[in-house]
Amino acid sequence: RHRGVGTYMSFALLLALASSPYPRNDVRLVSVSASGAETVTALDDGMLLLRDAVAWWEQEMLLRAERQAWKDRFLVEHSLVNRTRQITGSPSRQSVTWLHRHRGFAGGVVDRLVEAVMSAQEAAGWALAGLGPLQVRCIESVRYSSADDEGHEDGDEGWHQDEYSVLTAVLTLALSHDLQGGETEVDRGGRPRRAEGMQPGDVLIFRSWDAHRSTDVAPGERHIIVLELWQGPQVGNDAPEGRQAVLEGGLARLCPPALAADASSAAL
Numbered sequence: 696r697h698r699g700v701g702t703y704m705s706f707a708l709l710l711a712l713a714s715s716p717y718p719r720n721d722v723r724l725v726s727v728s729a730s731g732a733e734t735v736t737a738l739d740d741g742m743l744l745l746r747d748a749v750a751w752w753e754q755e756m757l758l759r760a761e762r763q764a765w766k767d768r769f770l771v772e773h774s775l776v777n778r779t780r781q782i783t784g785s786p787s788r789q790s791v792t793w794l795h796r797h798r799g800f801a802g803g804v805v806d807r808l809v810e811a812v813m814s815a816q817e818a819a820g821w822a823l824a825g826l827g828p829l830q831v832r833c834i835e836s837v838r839y840s841s842a843d844d845e846g847h848e849d850g851d852e853g854w855h856q857d858e859y860s861v862l863t864a865v866l867t868l869a870l871s872h873d874l875q876g877g878e879t880e881v882d883r884g885g886r887p888r889r890a891e892g893m894q895p896g897d898v899l900i901f902r903s904w905d906a907h908r909s910t911d912v913a914p915g916e917r918h919i920i921v922l923e924l925w926q927g928p929q930v931g932n933d934a935p936e937g938r939q940a941v942l943e944g945g946l947a948r949l950c951p952p953a954l955a956a957d958a959s960s961a962a963l
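Convert by adding 695 to the 1-based position in the sequence shown; the result is the number in our numbering.
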């Protein structure tokens, strides 16, 4: 039966391509060469997978929070609902809704997800304690789909880093039956690693300073929740921006302890 993020550690959901008890395709990580050829690799230190970490009813709670956000006049006025753009150089578009004002409608799912993420990185030996207590920087509901010809704001959400954040978690909520593409890739320097076969309820975790992107979606739709943790204050319910822009102390505060914890990082 399905279990939620509050109980995932009881049966070791930190995986390195382990088999799943569910009738579904295995998640696999592939290495992408410059020519585009793919080879299957073992899970390295760049990504952690929590399979079936968020139960279906917890996913429904997050969708309820999103529906409340859509009706929030404050969020609408601050362009924090369905902010849509075509990804530069891609046939995909991205639509983002920020959930910080309505996380209460998710019934504690966000808090349990944070706990699961922190427990996972600790179990993996990522040694991030030196960065101090981490707080929720943003909670984003992100929908990817094939771009149309309508006038959407251009963006550059191809390869990017979540500057000033420490950990990024990507929860898969829904995938259309015709989806092609839409996998998360992480590049720690060298060949990018791609997580294929992610299913609703799966959570992928990586260090925020590593370059990452979603591959092109064409056709189909992909719906995810993105959670970022950082050294700054937790995003408040009345925040006029969904993702706080600047960390007090800046990179001088983040980089030394981050480098001590992740000396092999190409980005740092």
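Glycine residues also receive a C-beta, built at the ideal position from the N, C-alpha and C atoms.
Once DSSP output is grouped into helix, strand and coil, what is the label at residue i?
i: arginine 889; result: strand
i: serine 960; result: coil
i: serine 785; result: coil
i: serine 730; result: Annotation note: pLDDT 43 at serine 730 (below 50); position unreliable, coordinate value reported separately. Correct three-state label for serine 730: coil.
i: aspartate 882; result: strand
i: glycine 876; result: strand
i: valine 749; result: coil
i: glutamate 936; result: coil
i: histidine 797; result: helix
i: cysteine 950; result: helix
i: valine 812; result: helix
i: alanine 760; result: helix
i: glutamate 817; result: helix
i: leucine 942; result: coil
i: valine 805; result: helix
i: alanine 824; result: helix
Identify which residue in the options has its Cα closest to the Cα of residue i.
i: arginine 780; options: Tyr839, Arg746, Gln816; result: Tyr839
i: isoleucine 782; options: Ser841, Gly825, Ala764; result: Ser841
i: glycine 915; options: Gly741, Gln816, Gln789; result: Gln789
i: serine 787; options: Ala824, Glu878, Ala864, Arg759; result: Glu878
i: alanine 801; options: Leu862, Met756, Leu870, Ala961; result: Met756
i: glutamine 926; options: Gly853, Gly784, Leu743, Pro951; result: Pro951
i: valine 791; options: Asn777, Ala890, Asp933; result: Asn777
How long is the line joining the alpha carbons of residue i and residue j, rounded to whole angstroms?
i: alanine 955; j: histidine 872; result: 43 Å
i: serine 774; j: arginine 886; result: 36 Å
i: glycine 966; j: alanine 750; result: Limits of the chain in this structure are 696 at one end and 963 at the other, which puts residue 966 out of reach.
i: alanine 953; j: aspartate 857; result: 14 Å
i: histidine 855; j: arginine 883; result: 12 Å
i: alanine 822; j: glycine 931; result: 27 Å
i: alanine 913; j: histidine 907; result: 19 Å
i: leucine 808; j: glycine 827; result: 19 Å
i: alanine 818; j: glutamate 936; result: 33 Å
i: isoleucine 920; j: aspartate 747; result: 14 Å
i: alanine 815; j: glutamine 894; result: 19 Å
i: arginine 948; j: valine 831; result: 17 Å
i: alanine 961; j: glycine 892; result: 27 Å
i: serine 860; j: glycine 825; result: 14 Å
i: leucine 868; j: glutamate 753; result: 10 Å
i: aspartate 767; j: leucine 743; result: 34 Å
i: leucine 946; j: methionine 813; result: 22 Å
i: glycine 944; j: leucine 870; result: 39 Å
i: leucine 973; j: alanine 934; result: Residue 973 cannot be examined here, being either before or after the span of the chain that is shown, 696 to 963.
For residue i and chain B, any beta-carbon pair shorter than 7 Å?
i: alanine 955; result: Although the question refers to chain B, the structure presented lacks it and comprises just one protein chain.
Exposed or buried, which one is residue i when buried takes at least 16 other CB atoms within 10 Å?
i: glycine 741; result: buried
i: serine 836; result: buried
i: aspartate 957; result: buried
i: serine 909; result: buried
i: serine 665; result: Look at the range of the chain in this structure, 696 to 963, and you will see that residue 665 is not part of it.
i: glutamate 923; result: buried
Using 8 Å as the threshold, is the region 781-797 in touch with the region 745-765, meaning 3 or more CB pairs across them? yes
If you pair each beta-carbon of the region 937-944 with each one of the region 898-912, do three or more pairs fall below 8 Å? no
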